[in-house]
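In our numbering, the protein residues as written are 3 to 308.
Every residue gets a Cβ at the ideal spot worked out from N, C-alpha and C, and that includes glycine.
For reference, the structure discussed in these notes is given below.
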Amino acid sequence: MNKHDIYLYGMICYTSAYLLRGDFPKADGYSEIKEKYFFPGGETGAAATVLAALGLKVKVDGNYTGAKIDKQIRNFYDNIGVDSARLFCEPGYDGAEDMVIISGDTRTIFGQFASYFEDYYHRNIVRWSTPKEEDIKGVKAAGIDPFFGAEAVLAARLCRENDIPFVTIDERFDHEVVKLASIVAISSDWIRDFMPDYYSENGKEELIKLYMANTSALVIFTGGGGQIIYGRNGEIEKTNAFKVDVVSTLGAGDTFKAGCIYGLAKGWADKEIIKFASALAAITCTKFPMAYNPPTLDEVNRLLNS
Numbered sequence: 003m004n005k006h007d008i009y010l011y012g013m014i015c016y017t018s019a020y021l022l023r024g025d026f027p028k029a030d031g032y033s034e035i036k037e038k039y040f041f042p043g044g045e046t047g048a049a050a051t052v053l054a055a056l057g058l059k060v061k062v063d064g065n066y067t068g069a070k071i072d073k074q075i076r077n078f079y080d081n082i083g084v085d086s087a088r089l090f091c092e093p094g095y096d097g098a099e100d101m102v103i104i105s106g107d108t109r110t111i112f113g114q115f116a117s118y119f120e121d122y123y124h125r126n127i128v129r130w131s132t133p134k135e136e137d138i139k140g141v142k143a144a145g146i147d148p149f150f151g152a153e154a155v156l157a158a159r160l161c162r163e164n165d166i167p168f169v170t171i172d173e174r175f176d177h178e179v180v181k182l183a184s185i186v187a188i189s190s191d192w193i194r195d196f197m198p199d200y201y202s203e204n205g206k207e208e209l210i211k212l213y214m215a216n217t218s219a220l221v222i223f224t225g226g227g228g229q230i231i232y233g234r235n236g237e238i239e240k241t242n243a244f245k246v247d248v249v250s251t252l253g254a255g256d257t258f259k260a261g262c263i264y265g266l267a268k269g270w271a272d273k274e275i276i277k278f279a280s281a282l283a284a285i286t287c288t289k290f291p292m293a294y295n296p297p298t299l300d301e302v303n304r305l306l307n308s
């Protein structure tokens, strides 16, 4: 048996997060910084923090770190019990970072992800690892980000070959990782940016039909604090997100993903997974920063029972 409950393969960056005292300033204006923190972020980085806080043993793998951020990422994960041994620190490379500025239910992200993937697509520079079957075999569930080319597909295939259910996110309906997944979670932001023709209520219903025609997975379109559309095998259903007093939305989508992985590991039914993941993400929105104050099962249960 694998000594880890969860295997996560995907993006881990180092995040600088700033919470403003008031609203975003106008151009050339000024706004006061209320709080600032530094921690591992990215879709996989944040999900690892949440799952560890929920009591699961997590192993992370994915993109290379760099000399500027490697020690900080490993120290953070060591402190919360996440196994980061598979992360490779590339000599001469600083590592991927982002800066997030937050005001209430809005956030603006400044990152280096375009240049990161340009190195791959235009210069054939690969800055992510090859997943190992020994890390996947025997875990309860996995999370596979689809962004890392053939290696992401390999991770998905290894999960399928070893009967490991996994969650993936934000990718086209005809992608192989989507076809092999157990749960596919697509954010409204991703639809807006990459499939804008479907960015409407009717459009999303047509789009989710395309996903369900290409995968047997539970397909979920998250809506921030609004409506969630989900379905499997052609049946579409809708529910509303939990309403909370928002402090910061940073990490909410990654927390929803973590909630889906948690539900898979527990063997829950679709509706139970969606309800739990939605509550988990809502609790995250009441905190800043989530990385140092992740949602707990007690908090989720109180929200579910309220």
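Distance check for I185 and I166, CA to CA, integer angstroms please. The sequence position of residue 166 within the sequence shown is 164, counting from 1. The sequence position of residue 185 within the sequence shown is 183, counting from 1. Roughly 12 Å separates the two Cα atoms.
Are there 16 or more other CB atoms within 10 angstroms of the CB of G215, so buried, or fewer, so exposed? One-based indexing of the sequence shown puts residue 215 at position 213. The amino acid at residue 215 is misidentified as Gly; the sequence shows Ala. So A215 counts as exposed.
Starting from Q74, trace the alpha helix (DSSP H) both ways and give me its first and last residue. In the sequence shown, residue 74 corresponds to position 72, counting from 1. From DSSP, the alpha helix (DSSP H) with Q74 extends over 72 to 82.
In whole angstroms, what separates the C-alpha of I146 from that of T108? Position 144 of the sequence shown holds residue 146. Position 106 of the sequence shown holds residue 108. So the two alpha carbons sit approximately 27 Å from each other.
Please go through the same chain and pick out, in chain order, the residues whose beta-carbon is closer than 6 Å to the beta-carbon of V52, but skip the five residues on each side of it. Looking up residue 52 in the sequence shown gives position 50. Shown here for V52: same chain residues with a beta carbon closer than 6 Å to its own, the five before and five after excluded, namely T257, A260, P296 in chain order.
Under DSSP, the alpha helix (DSSP H) around I210 begins and ends at which residues? On the sequence shown, position 208 is the one that residue 210 refers to. Where I210 is concerned, the enclosing alpha helix (DSSP H) stretches over 203 to 216.
Could you please give the first and the last residue of the uninterrupted alpha helix (DSSP H) stretch that includes F115? Working through the sequence shown from its first residue, we reach residue 115 at position 113. Its alpha helix (DSSP H) spans residues 115 to 125.
Pairs of beta-carbons, one from the segment 53 to 63 and one from the segment 290 to 304, closer than 8 Å: are there three or more? Short answer: they touch.
Note the first and the last residue of the continuous beta strand (DSSP E) segment covering T286. By 1-based counting over the sequence shown, the position of residue 286 is 284. For T286, no beta strand (DSSP E) run applies; the uninterrupted alpha helix (DSSP H) run containing it begins and ends at 272 to 286, by DSSP.
Beta-carbon proximity list for N242, same chain, < 8 Å, skipping 5 on both sides: Start at 1 with the first residue of the sequence shown, and residue 242 comes out as number 240. If you ignore the 5 residues before and after N242, its C-beta comes within less than 8 Å of the C-beta of G228, Q229, I230, all in its own chain and listed in chain order.
Tell me whether the segment 146 to 156 and the segment 93 to 104 touch, counting them as touching only if at least three CB pairs, one residue from each stretch, are closer than 8 Å. No contact exists between the segment 146 to 156 and the segment 93 to 104.
Would a C-beta distance cut-off of 8 Å place A49 and I263 closer than the cut-off? The count along the sequence shown starts at 1 and reaches residue 49 at position 47. The count along the sequence shown starts at 1 and reaches residue 263 at position 261. Taking a C-beta distance under 8 Å as the contact criterion, A49 and I263 qualify as a contact pair.
Assign D172 to one of two classes, buried (16 or more other C-beta atoms within 10 Å of its C-beta) or exposed (fewer than that). Working through the sequence shown from its first residue, we reach residue 172 at position 170. Buried: at least 16 other Cβ atoms inside 10 Å.
N295 (DSSP reduced to helix, strand or coil): The residue you call residue 295 lines up with position 293 of the sequence shown. In this structure, N295 counts as coil in the three-state DSSP scheme.
By Cβ distance below 7 Å, which residues in the same chain neighbour E1 in space, the five residues on each side in sequence not counted? Nothing can be reported for residue 1, as the shown portion of the chain is limited to 3 through 308.
Spatial neighbours of K134 within its chain, please: CB distance less than 7 Å, with the 5 preceding and 5 following residues excluded, ordered by chain position. Working through the sequence shown from its first residue, we reach residue 134 at position 132. In the same chain as K134, and ignoring 5 residues on each side of it, no C-beta atom comes closer than 7 Å to its own.
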